[in-house]
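In what follows, a structure is listed as structure tokens, so that the remarks can point back to it.
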Amino acid sequence: MFSPFETAISYRTRDRIFLLKFGLFYRLGSFLFPLNEGS
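Positions 4 to 42 (the numbering used here) are the ones given, in order, by the sequence shown.
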């Protein structure tokens, strides 16, 4: 049985991993398909 505190920690780490994956794919996508940023 998990305590609310432990479940909150697991959700935070899960969101952090998701954000890391999203950031990685975002950088990869922006590198492969550069948007017009005035450069």
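Even for Gly, the Cβ is constructed at its ideal location relative to N, Cα and C.
| Query | Result |
| --- | --- |
| Alpha carbon to alpha carbon, what distance is there between residue 6 and residue 29? | 34 Å |
| For the alpha helix (DSSP H) containing residue 13, list its first residue and its last residue. | 7 to 35 |
| Going straight from the alpha carbon of residue 24 to that of residue 31, what length do you get? | 11 Å |
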